[in-house]
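These notes are about the structure you will find just below.
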Amino acid sequence: MVRPPQPALYLFLLDVSRTATLTGYLEIVCDRILNKIMADDIPGDSRTNIGFITYDSSVHFYQIANSDGGQPKQLIVSDISDIFLPLPDGLMVNLEENKMAIKDLLTSLPNNYKESYNTGCALGAALQAAFKILAPRGGRVTVFQASLPNCGPGSLEPRDDGNPHTGDRVQHMAPSTDFYKKLALECSGEQIAVDMFFVSSQYLDIATISGISKYSSGCIHNFPQFNVKSPTTVTRFINCFDRYLSRKIGFEALLRLRCTRGVAIHSFHGNFFVRSSDLLMLPNVNPDNAYGMQLSIEDSLDGVSVVCFQAALLYTSSNAERRIRVHTLCIPVTENLDDVFHNADQQAITCLIAKMAVDRSTEKSLSDAREAFFNAISDSLSAYKLGCSSYTGPGTMLSPLSLKVFPLYILATLKHAAFRTNQPTRLDERMFSMCQMKSLPLNNLIQYIYPDLYPVYALEEQPKINYEKLTEIPLPPVIQLSAERVESNGVYLMDDSETLTIFIGHRCSDKLIQQLFGYVNANSMPELITTLAEVDSKPSYLLRSFISYLQHFKPYPLPIEIIKDNGPHKLRFYSRLIEDKFESSLSYYEFLQRLSQQVR
Numbered sequence: 001m002v003r004p005p006q007p008a009l010y011l012f013l014l015d016v017s018r019t020a021t022l023t024g025y026l027e028i029v030c031d032r033i034l035n036k037i038m039a040d041d042i043p044g045d046s047r048t049n050i051g052f053i054t055y056d057s058s059v060h061f062y063q064i065a066n067s068d069g070g071q072p073k074q075l076i077v078s079d080i081s082d083i084f085l086p087l088p089d090g091l092m093v094n095l096e097e098n099k100m101a102i103k104d105l106l107t108s109l110p111n112n113y114k115e116s117y118n119t120g121c122a123l124g125a126a127l128q129a130a131f132k133i134l135a136p137r138g139g140r141v142t143v144f145q146a147s148l149p150n151c152g153p154g155s156l157e158p159r160d161d162g163n164p165h166t167g168d169r170v171q172h173m174a175p176s177t178d179f180y181k182k183l184a185l186e187c188s189g190e191q192i193a194v195d196m197f198f199v200s201s202q203y204l205d206i207a208t209i210s211g212i213s214k215y216s217s218g219c220i221h222n223f224p225q226f227n228v229k230s231p232t233t234v235t236r237f238i239n240c241f242d243r244y245l246s247r248k249i250g251f252e253a254l255l256r257l258r259c260t261r262g263v264a265i266h267s268f269h270g271n272f273f274v275r276s277s278d279l280l281m282l283p284n285v286n287p288d289n290a291y292g293m294q295l296s297i298e299d300s301l302d303g304v305s306v307v308c309f310q311a312a313l314l315y316t317s318s319n320a321e322r323r324i325r326v327h328t329l330c331i332p333v334t335e336n337l338d339d340v341f342h343n344a345d346q347q348a349i350t351c352l353i354a355k356m357a358v359d360r361s362t363e364k365s366l367s368d369a370r371e372a373f374f375n376a377i378s379d380s381l382s383a384y385k386l387g388c389s390s391y392t393g394p395g396t397m398l399s400p401l402s403l404k405v406f407p408l409y410i411l412a413t414l415k416h417a418a419f420r421t422n423q424p425t426r427l428d429e430r431m432f433s434m435c436q437m438k439s440l441p442l443n444n445l446i447q448y449i450y451p452d453l454y455p456v457y458a459l460e461e462q463p464k465i466n467y468e469k470l471t472e473i474p475l476p477p478v479i480q481l482s483a484e485r486v487e488s489n490g491v492y493l494m495d496d497s498e499t500l501t502i503f504i505g506h507r508c509s510d511k512l513i514q515q516l517f518g519y520v521n522a523n524s525m526p527e528l529i530t531t532l533a534e535v536d537s538k539p540s541y542l543l544r545s546f547i548s549y550l551q552h553f554k555p556y557p558l559p560i561e562i563i564k565d566n567g568p569h570k571l572r573f574y575s576r577l578i579e580d581k582f583e584s585s586l587s588y589y590e591f592l593q594r595l596s597q598q599v600r
């Protein structure tokens, strides 16, 4: 690397258009940033710098540190067609030396725009300004977007009405302009990553705007229907943003992948820029992103007993230390097809196929991607039947134990918001789900596709363990996502990696409801509860203990929703029962029947 180790540089871009201020997000964001700053919980060292830009139809800069020691000064640039910086420097300030001035700014910002009626949104110009500020040294840009960019460079026309649609002829899944991709590539070249937080109930064209993060190694977060009056969304947003601000971060990273001669890298999946056939540019790296790669066998492996893969990550830590992290994987070579099938990793296969399907959806069509899912599994099982099984009778579908639930994972993926066609789905919801498919770590992605469902109404009878500071943690079994497994007198917890949903059967006893939730009976409970009461009872203690155990393995604590079988929110639960027929989608049994007809 040519220049000295990069300091931690954080630049926040805040949408202050009328649509944005109505959501109430600005006050929450300013409060959480200030909280982390005062607690010294933002990664960095004595060189850490921070800056802020707000934007509506103009771009507003802030000179936080003034020579006269006064309040931060706002500098407005209205000429957004050719954005320029109003000051040569001073728009980024040392965090440690200017805490009180930063506090003054963050305290005043929400009030400054509370009565704003400016409906303009110059996101493109704000991003160009951020690039000009950080280009000399690199850094991280964090953008909060609540309205469709409608003025200046990068402005977009509404391509969708924002309403849910069904069917496989989904339009506008590809970007409408290459502005954000081109700017992302410029950012990547200067070691700048752009992270997006979408906080709106309106159509934002995530298909287009997400390009700024995809190609700059950024991350994307979406909080649809965001409003300060929605406790579940606000809780998830706060927990996610707190984690985002304080998690480990690496700067100006390069990831090189090598493999044994004869094996080549075919393609990569994730958020990055491919610099060469085996080298990825990652201006920022964090522990919550994952990357996938497809390999191809280009030469004969005769005489090769082991194939090796090595990933070497060179990066600068937030404390300005140059580090290299190396992972090496060695896999034996076999001539026995049976060995290949019996050592297959069905979760890894599912995740990689999902990543490939995202590309096919945007490059060709959603129906083409869905067909590719089905072909992938039918071809795999056909190959196993022909090459590894002694029984090849007609209409027979056989699979190795290693691929036992592979068809179920594929069905779950087809029913997910990214690829489903039978349930009404907003375009932005679909495109964000596709972004998640490309970047989530394997364990998180599998749970995102196929949630875990636990019976939690008889935890006293379950085996128990102690884990770190947690004691007497019950371990209920994970059960199938089918209504057949849901008892009407039971209570169930569903973990889909975004929300912990507690579902109460319509025949649940009053005694159990009192012990778990502190209400006299189900009728006395609100339709939606977002906090779990600490009831002085054994069942309540065990349930809270189990939830704490689940939360321990999450990047950040998930919000809790408690819903009833006879309430208006029950479809949130039933729609995730993947194995059942829902509306016009296939049940798992019907899916297997269709699959068996295709397996040759």
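Counting from 1, position 549 in the sequence shown corresponds to residue 549 in UniProt numbering; the numbering is continuous, with no gaps.
Idealized CB from N, CA, C, for every residue including glycine.
Cβ-Cβ distances below 8 Å link Y556 to N239, C240, D242 and R243 in the same chain, with the five nearest sequence neighbours on each side left out; the list follows chain order.
The criterion of a C-beta distance shorter than 9 Å is satisfied by A125 and V59.
Residue pairing by DSSP places R258 opposite Q310 in a beta bridge.
With fewer than 16 other Cβ atoms from the protein chains shown falling within 10 Å of its own Cβ, S488 counts as exposed.
Judged by DSSP in its simplified three-state form, S78 adopts coil rather than helix or strand.
Counting along the chain, C330 sits inside the beta strand (DSSP E) bounded by residues R322 to P332. The DSSP assignment places 442 to 449 as complete runs of the alpha helix (DSSP H) inside the region 435 to 495, in order along the chain (cut-off: 4 residues). Runs of the alpha helix (DSSP H) lying entirely within the region 95 to 160 and spanning at least 4 residues, in chain order: 99 to 112 and 123 to 134.
Ranked by Cα distance from L401, the options T413, S378, D161 and N343 are led by N343. Per DSSP, S296 is one residue of the beta strand (DSSP E) stretching across G292 to I297. For R247, same chain residues with a beta-carbon under 8 Å away, outside a window of 5 residues either side, are P43, N286, P287, D288 and P555 in chain order. About 37 Å separates the beta carbon of S537 from that of K415, a gap too long to meet the 8 Å contact definition. The beta carbon of T54 is closer than 6 Å to those of L14, V16 and H60 in its chain, skipping five residues each way along the sequence. Around the beta carbon of T471, fewer than 16 other beta carbons lie within 10 angstroms, which makes this residue exposed. Residue range L279 to V285 is occupied by the beta strand (DSSP E) that includes P283. In terms of Cα proximity to T233, the closest of R544, T530 and I562 is T530. When Cβ pairs closer than 8 Å are counted between the two stretches, the region 147 to 160 is seen to touch the region 80 to 98, the count reaching three or more.
H221 is classed as buried because its beta carbon has at least 16 other beta carbons within 10 Å across all chains shown. Q597 counts as exposed, since fewer than 16 other C-beta atoms from the protein chains shown sit within 10 angstroms of its C-beta.
By the neighbour-count criterion, in which a residue is buried when 16 or more other Cβ atoms sit within 10 angstroms of its Cβ, T334 is exposed. A direct Cα-to-Cα measurement between E527 and V535 gives close to 19 Å. Scanning the region 20 to 71 from its first residue to its last, the whole beta strand (DSSP E) runs of 3-plus residues come out as 49 to 55 and 59 to 63. Secondary structure at S382: helix, using DSSP grouped into helix, strand and coil. Cα atoms of T21 and N118: separation of roughly 10 Å, rounded to the nearest angstrom. Cβ neighbours of K114 within its own chain (closer than 7 Å, five residues either side excluded): T21. Nearest C-alpha to A376 among K364, D359, T362 and I353: I353.
In this structure, the beta-carbon distance from G139 to L11 falls below 9 Å. By the neighbour-count definition (other C-beta atoms within 10 Å, threshold 16), C435 is a buried residue.
Distance from the Cα of G90 is smallest, within the candidate group E561, L403, L75 and M100, for L75.
Counting only runs of at least 4 residues, the region 160 to 195 fully encloses the following alpha helix (DSSP H) elements, listed from N- to C-terminal order: 179 to 189.
The beta carbon of L185 sits closer than 7 Å to those of Y215 and F273, all from its chain and outside the five residues before and after it, given in chain order. By the CB criterion at 9 Å, F226 and V199 fall inside the cutoff. The C-alpha of A533 lies about 15 Å from the C-alpha of F503.
Contact check between the region 443 to 450 and the region 408 to 423: three or more CB pairs, one atom from each, fall below 8 Å, which counts as touching.
N284 is positioned such that its CB atom lies closer than 9 Å to that of G218. Within a 10 Å sphere around the beta-carbon of M356 sit 16 or more other beta-carbons, which makes this residue buried.
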